[in-house]
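Novice: For the sequence shown, the numbering used here gives the first residue as 63, with consecutive numbering after it.
Where is the CB? At the ideal position from N, CA and C, for every residue including glycine.
This one's a predicted model, so the numbers in the text were calculated from it and none came from an experiment.
Following this message is one structure expressed as C-alpha coordinates.
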Amino acid sequence: MELKEYLQKEYSKSSIGSYENIINRYLLAVGKRAEKASYTDVLDYIGLLREQNLHPKSLRNNLFAIKIYYRYLVATGKRKDHPCQYLYLKDQINRAIQVESLYPKEILQELYDNWKSKNPEHQTRDKIIISLLIYQALTVLEISQLKVSDINLENGTINIKANAKNKGRKLSLKPNQILLFHNYQKHDWKRYWRKQKPSKRTDYFLMNEEGLQLWQGGINRMINHNRDKQNKLIPLKIRQSVIAHLLKENNDIRIVQEFAGHRRTASTEAYKQTGLEELKSAIERLHPLQ
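This is the structure in C-alpha coordinates:
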(Lines of atoms letter the chains of each structure in order from A; the text may use other names.)
(Lines give C-alpha, C1' and ligand atoms only; values in the text may rest on other atoms or scores of the structure.)
Protein backbone atom coordinates (compact mmCIF):
# COMPACT_ATOMS: atom_id res chain seq x y z
CA MET A 63 0.00 0.00 0.00
CA GLU A 64 1.34 3.43 -0.98
CA LEU A 65 1.34 6.33 1.48
CA LYS A 66 -1.30 8.25 -0.48
CA GLU A 67 -3.62 5.24 -0.48
CA TYR A 68 -3.15 4.88 3.29
CA LEU A 69 -3.99 8.56 3.85
CA GLN A 70 -7.11 8.32 1.68
CA LYS A 71 -8.24 5.27 3.63
CA GLU A 72 -7.60 6.61 7.13
CA TYR A 73 -8.07 10.39 7.00
CA SER A 74 -10.52 13.03 5.74
CA LYS A 75 -10.20 14.42 2.22
CA SER A 76 -9.74 17.95 3.52
CA SER A 77 -6.64 16.93 5.53
CA ILE A 78 -4.82 14.58 3.14
CA GLY A 79 -3.06 17.29 1.10
CA SER A 80 -1.68 18.99 4.20
CA TYR A 81 -0.43 15.73 5.75
CA GLU A 82 1.17 14.63 2.49
CA ASN A 83 3.04 17.93 2.07
CA ILE A 84 4.35 17.89 5.64
CA ILE A 85 5.48 14.26 5.31
CA ASN A 86 7.21 14.97 1.98
CA ARG A 87 9.10 17.91 3.52
CA TYR A 88 10.17 15.66 6.39
CA LEU A 89 11.35 12.92 4.02
CA LEU A 90 13.27 15.47 1.96
CA ALA A 91 15.01 16.86 5.04
CA VAL A 92 15.82 13.55 6.73
CA GLY A 93 16.50 11.59 3.55
CA LYS A 94 17.23 7.86 3.66
CA ARG A 95 17.32 7.90 7.47
CA ALA A 96 13.57 8.60 7.66
CA GLU A 97 12.37 5.00 7.50
CA LYS A 98 14.68 3.93 10.34
CA ALA A 99 14.67 7.19 12.28
CA SER A 100 14.78 7.15 16.07
CA TYR A 101 12.94 9.23 18.66
CA THR A 102 15.97 11.54 18.79
CA ASP A 103 16.01 11.99 14.99
CA VAL A 104 12.38 13.12 15.01
CA LEU A 105 13.01 15.41 17.98
CA ASP A 106 16.02 16.94 16.17
CA TYR A 107 13.85 17.66 13.12
CA ILE A 108 11.21 19.36 15.28
CA GLY A 109 14.06 21.39 16.79
CA LEU A 110 15.06 22.60 13.32
CA LEU A 111 11.46 23.68 12.67
CA ARG A 112 11.40 25.48 16.01
CA GLU A 113 14.52 27.43 14.98
CA GLN A 114 12.53 28.69 11.97
CA ASN A 115 10.14 30.36 14.45
CA LEU A 116 7.18 28.23 13.42
CA HIS A 117 3.99 28.83 15.38
CA PRO A 118 3.45 26.21 18.12
CA LYS A 119 0.32 25.05 16.31
CA SER A 120 2.35 24.50 13.12
CA LEU A 121 4.92 22.51 15.10
CA ARG A 122 2.16 20.27 16.45
CA ASN A 123 0.68 19.83 12.98
CA ASN A 124 4.10 18.79 11.68
CA LEU A 125 4.56 16.26 14.47
CA PHE A 126 1.05 14.89 13.94
CA ALA A 127 1.75 14.29 10.23
CA ILE A 128 5.12 12.68 10.99
CA LYS A 129 3.37 10.34 13.44
CA ILE A 130 0.98 9.39 10.64
CA TYR A 131 3.96 8.50 8.44
CA TYR A 132 5.28 6.07 11.06
CA ARG A 133 1.81 4.62 11.63
CA TYR A 134 1.79 3.91 7.89
CA LEU A 135 5.18 2.14 8.09
CA VAL A 136 3.96 -0.01 11.00
CA ALA A 137 0.63 -0.77 9.30
CA THR A 138 2.39 -1.91 6.11
CA GLY A 139 4.99 -4.01 7.92
CA LYS A 140 7.91 -1.79 6.91
CA ARG A 141 8.65 -1.09 10.53
CA LYS A 142 7.82 -2.85 13.81
CA ASP A 143 7.99 0.11 16.19
CA HIS A 144 6.73 3.70 16.17
CA PRO A 145 9.63 6.03 17.13
CA CYS A 146 7.62 9.07 18.19
CA GLN A 147 4.26 7.68 19.27
CA TYR A 148 4.66 9.15 22.76
CA LEU A 149 6.34 12.40 21.75
CA TYR A 150 4.27 15.45 22.73
CA LEU A 151 5.23 19.11 22.45
CA LYS A 152 4.76 21.60 25.25
CA ASP A 153 5.16 24.81 23.22
CA GLN A 154 2.60 27.25 24.57
CA ILE A 155 0.08 28.72 22.13
CA ASN A 156 -0.82 32.35 22.78
CA ARG A 157 -4.55 32.42 22.01
CA ALA A 158 -5.00 36.14 22.68
CA ILE A 159 -6.06 38.19 19.66
CA GLN A 160 -3.34 40.77 18.99
CA VAL A 161 -5.77 43.50 17.89
CA GLU A 162 -3.02 46.11 17.58
CA SER A 163 -1.16 44.09 14.91
CA LEU A 164 -4.09 43.25 12.61
CA TYR A 165 -4.35 44.41 8.99
CA PRO A 166 -5.80 47.86 8.18
CA LYS A 167 -8.96 47.88 6.04
CA GLU A 168 -7.01 49.59 3.25
CA ILE A 169 -4.56 46.69 2.97
CA LEU A 170 -7.40 44.19 2.65
CA GLN A 171 -9.24 46.21 0.03
CA GLU A 172 -6.02 46.70 -1.96
CA LEU A 173 -5.52 42.94 -1.96
CA TYR A 174 -8.88 42.55 -3.68
CA ASP A 175 -8.69 45.56 -6.00
CA ASN A 176 -5.17 44.87 -7.30
CA TRP A 177 -5.32 41.07 -7.43
CA LYS A 178 -3.54 39.35 -10.33
CA SER A 179 -3.44 35.54 -10.31
CA LYS A 180 -0.26 33.65 -11.12
CA ASN A 181 -2.29 31.82 -13.78
CA PRO A 182 -4.83 34.11 -15.54
CA GLU A 183 -7.18 31.12 -15.91
CA HIS A 184 -7.74 31.20 -12.15
CA GLN A 185 -8.24 34.98 -11.84
CA THR A 186 -12.00 34.88 -11.18
CA ARG A 187 -11.82 31.90 -8.81
CA ASP A 188 -8.95 33.44 -6.83
CA LYS A 189 -10.68 36.81 -6.59
CA ILE A 190 -13.78 35.09 -5.20
CA ILE A 191 -11.61 33.45 -2.53
CA ILE A 192 -10.11 36.81 -1.55
CA SER A 193 -13.56 38.42 -1.46
CA LEU A 194 -14.81 35.73 0.94
CA LEU A 195 -11.81 36.37 3.19
CA ILE A 196 -12.15 40.16 3.34
CA TYR A 197 -15.94 40.63 3.11
CA GLN A 198 -17.40 37.59 4.90
CA ALA A 199 -14.35 36.77 7.08
CA LEU A 200 -14.61 33.07 6.25
CA THR A 201 -12.00 30.59 7.39
CA VAL A 202 -10.09 28.66 4.72
CA LEU A 203 -11.93 25.52 5.88
CA GLU A 204 -15.30 27.18 5.29
CA ILE A 205 -14.20 28.36 1.84
CA SER A 206 -12.95 24.91 0.86
CA GLN A 207 -16.25 23.29 1.93
CA LEU A 208 -18.61 25.57 -0.01
CA LYS A 209 -20.98 23.77 -2.38
CA VAL A 210 -22.77 25.21 -5.42
CA SER A 211 -26.06 24.87 -3.53
CA ASP A 212 -24.73 27.20 -0.80
CA ILE A 213 -24.70 30.16 -3.21
CA ASN A 214 -27.98 32.02 -3.81
CA LEU A 215 -27.32 34.86 -6.23
CA GLU A 216 -31.01 35.68 -6.58
CA ASN A 217 -31.17 36.59 -2.89
CA GLY A 218 -27.53 37.68 -2.75
CA THR A 219 -26.66 35.29 0.08
CA ILE A 220 -24.18 32.55 0.90
CA ASN A 221 -24.81 29.67 3.30
CA ILE A 222 -21.95 28.65 5.60
CA LYS A 223 -22.21 25.19 7.12
CA ALA A 224 -21.41 24.61 10.79
CA ASN A 225 -18.14 22.93 11.73
CA ALA A 226 -16.36 21.93 14.92
CA LYS A 227 -15.31 25.53 15.66
CA ASN A 228 -17.98 27.78 14.16
CA LYS A 229 -21.76 27.91 13.91
CA GLY A 230 -23.53 27.75 10.57
CA ARG A 231 -24.85 31.05 9.23
CA LYS A 232 -26.28 32.82 6.19
CA LEU A 233 -24.38 35.94 5.07
CA SER A 234 -25.10 38.64 2.51
CA LEU A 235 -22.90 39.05 -0.55
CA LYS A 236 -21.59 42.44 -1.65
CA PRO A 237 -22.94 43.74 -5.01
CA ASN A 238 -19.51 43.35 -6.67
CA GLN A 239 -19.38 39.74 -5.43
CA ILE A 240 -22.71 38.86 -7.02
CA LEU A 241 -21.44 39.80 -10.48
CA LEU A 242 -18.12 38.02 -9.84
CA PHE A 243 -19.87 34.84 -8.69
CA HIS A 244 -22.28 34.96 -11.65
CA ASN A 245 -19.41 35.21 -14.15
CA TYR A 246 -17.59 32.35 -12.43
CA GLN A 247 -20.63 30.07 -12.52
CA LYS A 248 -21.34 30.94 -16.14
CA HIS A 249 -17.81 30.77 -17.59
CA ASP A 250 -15.42 28.99 -15.20
CA TRP A 251 -17.07 26.51 -12.85
CA LYS A 252 -17.75 23.80 -15.46
CA ARG A 253 -14.15 24.00 -16.66
CA TYR A 254 -12.99 22.87 -13.21
CA TRP A 255 -15.85 20.39 -12.81
CA ARG A 256 -15.10 18.61 -16.10
CA LYS A 257 -11.61 17.75 -14.84
CA GLN A 258 -13.09 15.48 -12.16
CA LYS A 259 -13.22 11.74 -12.69
CA PRO A 260 -16.79 10.75 -13.67
CA SER A 261 -16.90 8.30 -10.77
CA LYS A 262 -15.92 11.01 -8.26
CA ARG A 263 -18.09 13.96 -9.25
CA THR A 264 -18.61 16.60 -6.55
CA ASP A 265 -20.31 19.98 -6.55
CA TYR A 266 -17.76 22.04 -4.64
CA PHE A 267 -18.16 25.69 -5.59
CA LEU A 268 -14.41 26.34 -5.68
CA MET A 269 -12.00 23.68 -6.95
CA ASN A 270 -8.34 23.33 -7.81
CA GLU A 271 -6.94 22.89 -11.32
CA GLU A 272 -7.63 19.15 -11.15
CA GLY A 273 -11.28 19.64 -10.24
CA LEU A 274 -10.70 18.56 -6.64
CA GLN A 275 -11.65 20.23 -3.37
CA LEU A 276 -9.36 23.14 -2.56
CA TRP A 277 -6.57 22.32 -0.14
CA GLN A 278 -6.56 24.79 2.76
CA GLY A 279 -2.79 25.31 2.56
CA GLY A 280 -3.20 26.04 -1.14
CA ILE A 281 -5.36 29.08 -0.33
CA ASN A 282 -2.60 30.49 1.88
CA ARG A 283 -0.04 29.90 -0.85
CA MET A 284 -2.29 31.45 -3.49
CA ILE A 285 -2.83 34.78 -1.73
CA ASN A 286 0.92 35.15 -1.14
CA HIS A 287 2.30 34.04 -4.52
CA ASN A 288 3.68 37.49 -5.36
CA ARG A 289 4.59 38.67 -1.85
CA ASP A 290 7.96 38.62 -0.16
CA LYS A 291 8.36 36.90 3.21
CA GLN A 292 8.02 40.11 5.24
CA ASN A 293 4.68 41.05 3.65
CA LYS A 294 2.97 37.68 3.65
CA LEU A 295 -0.70 37.68 4.63
CA ILE A 296 -2.22 35.05 6.91
CA PRO A 297 -5.83 34.02 6.12
CA LEU A 298 -6.73 33.64 9.81
CA LYS A 299 -5.33 37.10 10.53
CA ILE A 300 -7.44 38.51 7.66
CA ARG A 301 -10.54 37.03 9.33
CA GLN A 302 -9.50 38.43 12.70
CA SER A 303 -8.92 41.86 11.14
CA VAL A 304 -12.39 41.98 9.54
CA ILE A 305 -14.07 41.03 12.83
CA ALA A 306 -12.03 43.59 14.79
CA HIS A 307 -12.89 46.36 12.31
CA LEU A 308 -16.61 45.60 12.62
CA LEU A 309 -16.40 45.99 16.40
CA LYS A 310 -14.31 49.13 16.07
CA GLU A 311 -17.12 50.62 13.96
CA ASN A 312 -19.46 50.09 16.95
CA ASN A 313 -21.54 47.31 15.42
CA ASP A 314 -23.62 45.40 17.96
CA ILE A 315 -21.48 42.62 19.41
CA ARG A 316 -24.28 40.05 18.98
CA ILE A 317 -24.54 40.86 15.28
CA VAL A 318 -20.77 40.52 14.88
CA GLN A 319 -20.89 37.24 16.82
CA GLU A 320 -23.53 35.89 14.41
CA PHE A 321 -21.55 37.16 11.41
CA ALA A 322 -18.37 35.44 12.59
CA GLY A 323 -20.12 32.21 13.59
CA HIS A 324 -18.74 32.38 17.13
CA ARG A 325 -20.50 30.04 19.54
CA ARG A 326 -19.72 32.21 22.58
CA THR A 327 -19.92 35.99 23.03
CA ALA A 328 -16.56 35.86 24.81
CA SER A 329 -14.91 34.75 21.55
CA THR A 330 -16.16 37.93 19.87
CA GLU A 331 -15.26 40.18 22.80
CA ALA A 332 -11.63 39.05 22.43
CA TYR A 333 -11.46 41.16 19.25
CA LYS A 334 -12.38 44.41 20.99
CA GLN A 335 -9.85 47.19 20.86
CA THR A 336 -7.79 47.33 24.04
CA GLY A 337 -7.75 50.39 26.27
CA LEU A 338 -4.11 51.01 25.34
CA GLU A 339 -4.93 51.00 21.64
CA GLU A 340 -7.91 53.33 22.19
CA LEU A 341 -5.65 55.73 24.11
CA LYS A 342 -3.04 55.56 21.35
CA SER A 343 -5.69 56.36 18.72
CA ALA A 344 -6.99 59.29 20.75
CA ILE A 345 -3.47 60.72 21.17
CA GLU A 346 -2.84 60.42 17.42
CA ARG A 347 -6.10 62.27 16.68
CA LEU A 348 -5.24 65.07 19.10
CA HIS A 349 -1.52 65.25 18.33
CA PRO A 350 -0.93 63.89 14.83
CA LEU A 351 2.69 63.33 13.89
CA GLN A 352 4.08 66.04 11.64
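Output needed for M269: all residues of its chain with C-beta closer than 6 Å, excluding positions within five of it in sequence on either side, in chain order.
Specialist: Y254
Novice: Assuming R231 is part of the beta strand (DSSP E), what are its boundary residues?
Specialist: 231–234
Novice: Going along the chain, which residues of its own chain have a beta-carbon closer than 8 Å to the beta-carbon of E331, five neighbours each way excluded?
Specialist: I315
Novice: Have a look at Y81 and L298 and give me their C-alpha separation to the nearest angstrom.
Specialist: 19 Å
Novice: So, helix, strand or coil for K71, using DSSP?
Specialist: K71 falls in the helix class under three-state DSSP.
Novice: Can you give me the C-alpha to C-alpha distance between K334 and I205, rounded to a whole angstrom?
Specialist: 25 Å
Novice: Could you give the first and the last residue of the continuous alpha helix (DSSP H) run that contains T219?
Specialist: Not the alpha helix (DSSP H): T219 falls in the beta strand (DSSP E), residues 219–222.
Novice: Could you check how far apart the C-beta atoms of L215 and I196 are, in whole angstroms? I think they sit under 8 Å.
Specialist: That belief does not hold up - the Cβ atoms of L215 and I196 are roughly 19 Å apart, past 8 Å.
Novice: Indicate the three-state DSSP secondary structure (helix, strand or coil) for R347 in the structure shown.
Specialist: The predicted model places R347 with a pLDDT of 48, which falls under 50 and marks its position as unreliable, so this point remains unresolved.
Novice: L125 lies in the alpha helix (DSSP H); which residues open and close that run?
Specialist: 118–137
Novice: So the alpha helix (DSSP H) E311 belongs to, where does it begin and stop?
Specialist: Counted as a single uninterrupted DSSP element, the stretch harbouring E311 is not any alpha helix (DSSP H), since DSSP gives it neither H nor E.
Novice: Put K209 into one of helix, strand or coil per three-state DSSP.
Specialist: strand
Novice: Looking only at C-alpha atoms, which of Y131, N293, N123, L151 sits nearest to G279?
Specialist: It is N123 whose Cα lies nearest to the Cα of G279.
Novice: Here's a check: name, in chain order, each residue in its chain whose Cβ is nearer than 7 Å to the Cβ of D188, leaving out the five neighbours to either side.
Specialist: So the list reads W177, S179, M284, once near-sequence residues are dropped.
Novice: Taking the alpha-carbon positions, what's the L338 to P260 distance?
Specialist: Low confidence applies here, because L338 scores a pLDDT of 45, under 50, leaving its location unreliable and the question unanswered by this model.
Novice: If you follow the alpha helix (DSSP H) that N228 is in, where does it begin and where does it stop?
Specialist: Looking at the DSSP string, N228 is not in any alpha helix (DSSP H), and its letter there is neither H nor E.
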